[in-house]
Amino acid sequence: MTECNNDDSKEVFMKTEPLFKSIAGCFIQIPPPCCLVIFGATGDLTHRKLIPALYRLKKKGTLPENFFILAASRRQQSADEFREEMLKAVKNTFLEDFDQSIWKEFAALIHYISFDFSNTESYGKSLKDILVSLEKKYQTGGNRIFYLAIPPGVFEEVIVNLGLAGLSRGEGGYSRIVIEKPFGRDFESARKLNGVLHKYFKEKQIFRIDHYLAKETDQNIIMFRFANSIFEPLWNRNYIDHVQITVAETLGLENRAGYYERTGVIRDMFQNHIFQLFALIAMDPPTAFEAERVRDEKVRVFRSVEPFPLDRMGDCVVIGQYGKGRVNGKDAIGYREESGVSPESVTPTFAAMKVLIDSWRWSGVPFYFRSGKRLTNRKTEISIHFKPVPYLMFAKSMEELIDPSVLVFRIQPDEGISLQIQAKKPGSLVCLDSVLMDFSYQKGILLDAYEWVLLDCMIGDHLLFLREDGVESTWALITPVIEKLESTTEMDRFPNYEAGSSGPEEAAHLIQRDGRSWRPL
Numbered sequence: 002m003t004e005c006n007n008d009d010s011k012e013v014f015m016k017t018e019p020l021f022k023s024i025a026g027c028f029i030q031i032p033p034p035c036c037l038v039i040f041g042a043t044g045d046l047t048h049r050k051l052i053p054a055l056y057r058l059k060k061k062g063t064l065p066e067n068f069f070i071l072a073a074s075r076r077q078q079s080a081d082e083f084r085e086e087m088l089k090a091v092k093n094t095f096l097e098d099f100d101q102s103i104w105k106e107f108a109a110l111i112h113y114i115s116f117d118f119s120n121t122e123s124y125g126k127s128l129k130d131i132l133v134s135l136e137k138k139y140q141t142g143g144n145r146i147f148y149l150a151i152p153p154g155v156f157e158e159v160i161v162n163l164g165l166a167g168l169s170r171g172e173g174g175y176s177r178i179v180i181e182k183p184f185g186r187d188f189e190s191a192r193k194l195n196g197v198l199h200k201y202f203k204e205k206q207i208f209r210i211d212h213y214l215a216k217e218t219d220q221n222i223i224m225f226r227f228a229n230s231i232f233e234p235l236w237n238r239n240y241i242d243h244v245q246i247t248v249a250e251t252l253g254l255e256n257r258a259g260y261y262e263r264t265g266v267i268r269d270m271f272q273n274h275i276f277q278l279f280a281l282i283a284m285d286p287p288t289a290f291e292a293e294r295v296r297d298e299k300v301r302v303f304r305s306v307e308p309f310p311l312d313r314m315g316d317c318v319v320i321g322q323y324g325k326g327r328v329n330g331k332d333a334i335g336y337r338e339e340s341g342v343s344p345e346s347v348t349p350t351f352a353a354m355k356v357l358i359d360s361w362r363w364s365g366v367p368f369y370f371r372s373g374k375r376l377t378n379r380k381t382e383i384s385i386h387f388k389p390v391p392y393l394m395f396a397k398s399m400e401e402l403i404d405p406s407v408l409v410f411r412i413q414p415d416e417g418i419s420l421q422i423q424a425k426k427p428g429s430l431v432c433l434d435s436v437l438m439d440f441s442y443q444k445g446i447l448l449d450a451y452e453w454v455l456l457d458c459m460i461g462d463h464l465l466f467l468r469e470d471g472v473e474s475t476w477a478l479i480t481p482v483i484e485k486l487e488s489t490t491e492m493d494r495f496p497n498y499e500a501g502s503s504g505p506e507e508a509a510h511l512i513q514r515d516g517r518s519w520r521p522l
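In this note's numbering, the protein residues as written are 2 to 522.
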């Protein structure tokens, strides 16, 4: 494996063969020595996802032997105080699976530094000095990963200061940067952020995270499609009637009003999560199972999407905002009553879209997307709806139509794959019934999404990460839609669905006009 830092004249070669660890019969590559610098270490993401994921990697023995974490934040506190915070976070996450002895080993790898992110000098002195000192202690070879677990508004500031301090170039090892969503808020801001990044980092150093892509079912989609000859020949307009992608949440804002009021459901879920799932389903076979070849095919999908008809938005886009209702048997307030939300807010919390692809494979096959908050159930799934059989030889002996086959990729909460087919019921009459062929991961998940993306970043595998052109292509598609909606949505249009429901009635009409219906939530 070869890594090249930002200096074209210098290359670092990993001369040793990669190490692997067997877990439940599966081999997982152990990354080479490195360190992880977390900006925004006192934030929610670090507490809920990053430190618990790193603890689990330590427990499973998949972290490098030479490794340390440098947590960075503006808050003034000691390393011991920060470790105590993280101990509570890990215990809350793994109530029945906490190991005190493992935690003791893991906590010893955590270090803390407080400094002002806006102060350029502190990067070249405080941060760099402690990094060099810890690298000597842990023998990490100068391999550095900078994880931006910070608000999007601070991205550019940290990126520029890392570059000015020379930390983007690496010293004897690689230097990588990990960026959480949202990557921009429209096409122009995403392109500007990419420009700032590429001033100091090469594309191969940049890891734009969409943790949905690291879920086991998502990773399995490519394998399922291209490793099973019974499905790939059917994966086109001749056999598939339509595709549905649903990302439904029962939660409301959860104290994230400041973020969500500026974002809304389309920026939050469609530009990244849903369009990435869409690409996995719609892409053509890559020439090789390699990160760049797979990402090439995803970008081709985005560039083949037909533009949305802005003068007829109702034909392809529906938005909504939840009002009060009942979720899981409990009363729920409306979006405008949430803390931090304007009583006149027109921020959408639900959206449904109809997307068409201008390609031979998918011509005339609609893709229906929907996502929303405060819906009746928590569910993320992709359903492939095959066309009905062309000739019903049972037509005279059966009163009901035969349901077409449906293939479902369940992404959460119960990760797995199911195929609905028709089979005869026992008895002498001609009577068919839907039967499910089902595969569920259940407790067979080796690593959760954040564990996978952290490991892959340490290894240098970009397969689960977004590329510059992929990000800009999706923003180019939906930015005109967002701008049109934001200029035309009026206050009295919302709320238009109750908390605990399946969303606004207009979303049902969007698909019913085509003679189809949404799968139940």
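Don't be surprised by glycine CBs; every beta carbon is placed ideally from N, CA and C.
*What runs of the beta strand (DSSP E), each 3 residues or longer, lie entirely inside the stretch 97-135?*
Fully enclosed beta strand (DSSP E) runs of 3 or longer: 111-115.
_Among 87, 54, 110 and 507, nearest to residue 351 - alpha-carbon criterion_ = Position 350 of the sequence shown, counting from 1, holds the residue named residue 351. Checking every option, the nearest Cα to that of residue 351 belongs to 507.
*Secondary structure at residue 353, three-state DSSP: helix, strand or coil?*
For the purposes of this step, residue 353 is taken as residue 352 along the sequence shown, with counting starting at 1. Reduced to three states, the DSSP call for residue 353 is strand.
*Can you say whether residue 70 is buried or exposed, counting buried as having 16 or more other CB atoms within 10 angstroms of its CB?*
Within the sequence shown, residue 70 is the residue found at index 69, counting from 1. Burial state of residue 70 is buried, judged by a 10 Å Cβ sphere holding 16 or more other Cβ atoms.
*Excluding sequence positions up to five away, which residues of its chain have a Cβ less than 6 Å from the Cβ of residue 523?*
Given that the chain is displayed from residue 2 to residue 522, the structure contains no residue 523 and the question cannot be resolved.
*Identify, in the order they occur along the chain, each residue of the same chain with its Cβ nearer than 6 Å to the Cβ of residue 180, setting aside the five sequence neighbours on each side.*
Within the sequence shown, the letter at position 179 stands for residue 180. Scanning its chain for C-beta atoms nearer than 6 Å, with the 5 sequence neighbours on each side dropped, one finds around residue 180 the residues 149 and 209, in chain order.
*Looking at C-beta atoms only, is the number of pairs between the stretch 176-190 and the stretch 218-230 that lie closer than 8 Å three or more?*
Here the stretch 176-190 does not lie against the stretch 218-230, with fewer than 3 beta-carbon pairs under 8 Å apart.
*In whole angstroms, what is the alpha-carbon distance linking residue 516 and residue 333?*
On the sequence shown, residue 516 is found 515 positions in, with the first residue counted as 1. On the sequence shown, residue 333 is found 332 positions in, with the first residue counted as 1. Taking the straight line joining both Cα atoms gives about 33 Å.
*In three-state DSSP terms, what is residue 243?*
Sequence index remark: in the sequence shown, residue 243 carries index 242 (1-based). Residue 243 falls in the strand class under three-state DSSP.
*Taking the continuous alpha helix (DSSP H) assigned at residue 220, which residues delimit it?*
The sequence position of residue 220 within the sequence shown is 219, counting from 1. Note, residue 220: alpha helix (DSSP H), 217-228.
_Can you tell me which residues form a DSSP beta bridge with residue 36?_
Here residue 36 refers to the residue found at position 35 of the sequence shown. In the DSSP output, where bridge partners are listed per residue, residue 36 has 69 and 145.
_Beta-carbon separation (whole angstroms), residue 124 vs residue 83, contact threshold 8 Å_ = Here residue 124 refers to the residue found at position 123 when the sequence shown is read from its first residue. Here residue 83 refers to the residue found at position 82 when the sequence shown is read from its first residue. Residue 124 to residue 83, Cβ: 20 Å. No contact.
*asked:* Which residue marks the beginning of the alpha helix (DSSP H) containing residue 277, and which one marks its end?
replied: By 1-based counting over the sequence shown, the position of residue 277 is 276. Per DSSP, the continuous alpha helix (DSSP H) segment holding residue 277 begins and ends at 276-283.
*Look at the Cβ atom of residue 145, then the Cβ atom of residue 167, and state whether they are nearer than 8 Å.*
To locate residue 145, count along the sequence shown from 1; it is residue 144. To locate residue 167, count along the sequence shown from 1; it is residue 166. Between residue 145 and residue 167, the C-beta spacing is not below 8 Å.
*With which residues is residue 409 paired in a DSSP beta bridge?*
Position 408 of the sequence shown, counted from the first residue, corresponds to residue 409. Paired residue(s): 384 and 419.
*Taking the C-alpha atoms as reference points, what is the distance between residue 253 and residue 325?*
Residue numbering aside, residue 253 sits at position 252 when the sequence shown is read from its first letter. Residue numbering aside, residue 325 sits at position 324 when the sequence shown is read from its first letter. When rounded, the distance between both Cα atoms is 11 Å.
*asked:* Quick check on residue 200: does DSSP put it in helix, strand or coil?
replied: As a working note, residue 200 is residue 199 in the sequence shown. DSSP places residue 200 in helix when its eight states are reduced to three.
*asked:* Taking the beta carbon of residue 153 as the centre, do at least 16 other beta carbons fall within 10 Å, making it buried, or is it exposed?
replied: Within the sequence shown, numbered from 1, the residue matching residue 153 stands at position 152. Label assigned to residue 153: buried.
*Straight-line CA distance for residue 41 to residue 183?*
Position 40 of the sequence shown holds residue 41. Position 182 of the sequence shown holds residue 183. Our two residues, residue 41 and residue 183, have alpha carbons roughly 15 Å apart in a direct line.
*Quick one: grab the DSSP three-state call for residue 307.*
Counting from 1 along the sequence shown, the entry for residue 307 is found at position 306. DSSP places residue 307 in coil when its eight states are reduced to three.
*Thinking C-alpha only, which one of 283, 294, 32 and 188 is nearest residue 58?*
Within the sequence shown, numbered from 1, the residue matching residue 58 stands at position 57. Checked all of 283, 294, 32 and 188; the closest Cα to residue 58 is 32.
*Is the Cβ-Cβ distance between residue 160 and residue 198 less than 8 Å?*
As a first step, residue 160 must be located in the sequence shown, where it is residue number 159. As a first step, residue 198 must be located in the sequence shown, where it is residue number 197. The Cβ-Cβ distance between residue 160 and residue 198 falls below 8 Å.
*Roughly how many whole angstroms lie between the Cα atoms of residue 63 and residue 416?*
Translated into the one-based positions of the sequence shown, residue 63 becomes position 62. Translated into the one-based positions of the sequence shown, residue 416 becomes position 415. Annotation: residue 63 to residue 416 spans about 23 Å, alpha carbon to alpha carbon.
*Three-state class that DSSP yields for residue 371 in the structure shown*: The residue labelled residue 371 in the question sits at position 370 within the sequence shown. It is a strand residue.
*asked:* Tell me which residue opens and which closes the beta strand (DSSP E) that residue 331 is part of.
replied: Mapped onto the sequence shown, residue 331 falls at position 330. Here the beta strand (DSSP E) through residue 331 covers 331-333.
*Where residue 505 falls: helix, strand or coil (DSSP)*: Here residue 505 corresponds to residue number 504 of the sequence shown, with the count starting at 1. In this structure, residue 505 counts as coil in the three-state DSSP scheme.
*Which of helix, strand or coil does DSSP assign to residue 182?*
Counting from one through the sequence shown, the residue named residue 182 turns up at place 181. Reduced to three states, the DSSP call for residue 182 is coil.
*DSSP state of residue 16, grouped into three classes?*
Locating residue 16 in the sequence shown gives position 15, counting from the first residue. Note that residue 16 scores 45 on pLDDT, short of 50, meaning its location in the model is unreliable; the coordinates nonetheless yield the value given after this. In the three-state reduction of the DSSP assignment, residue 16 falls in the coil class.
*Residue from 504, 195, 93 and 379 with nearest C-alpha to residue 412*: Counting from one through the sequence shown, the residue named residue 412 turns up at place 411. Residue 412 has its Cα closest to that of 379, out of 504, 195, 93 and 379.
_Buried versus exposed call for residue 105 [16 or more other C-beta atoms within 10 Å across all chains shown]_ = On the sequence shown, residue 105 is found 104 positions in, with the first residue counted as 1. With fewer than 16 other Cβ atoms within 10 Å, it is exposed.
_Pair within 8 Å by beta-carbon distance, residue 462 and residue 258_ = On the sequence shown, position 461 is the one that residue 462 refers to. On the sequence shown, position 257 is the one that residue 258 refers to. Going by C-beta atoms, residue 462 is not nearer than 8 Å to residue 258.
*Residue(s) in a DSSP beta bridge with residue 477*: Here the question's residue 477 lines up with position 476 in the sequence shown. Answer is none; residue 477 lacks a bridge partner.
_Using the Cβ count rule (16 or more neighbours within 10 Å means buried), how would you classify residue 436?_
Locating residue 436 in the sequence shown gives position 435, counting from the first residue. It counts as exposed.
*In three-state DSSP terms, what is residue 336?*
Start at 1 with the first residue of the sequence shown, and residue 336 comes out as number 335. Secondary structure at residue 336: helix, using DSSP grouped into helix, strand and coil.
_Looking only at its chain, what residues have a beta carbon closer than 6 Å to the beta carbon of residue 107, apart from the 5 residues adjacent to it on each side?_
Along the sequence shown, one-based indexing puts residue 107 at 106. Around residue 107: 56 and 59.
*Quick one: measure Cβ to Cβ for residue 19 and residue 67, integer angstroms, because I've assumed they're closer than 8 Å.*
Reading the sequence shown from its first residue, position 18 is the one you call residue 19. Reading the sequence shown from its first residue, position 66 is the one you call residue 67. No, residue 19 and residue 67 are not in contact; Cβ-Cβ is about 15 Å, not under 8 Å.
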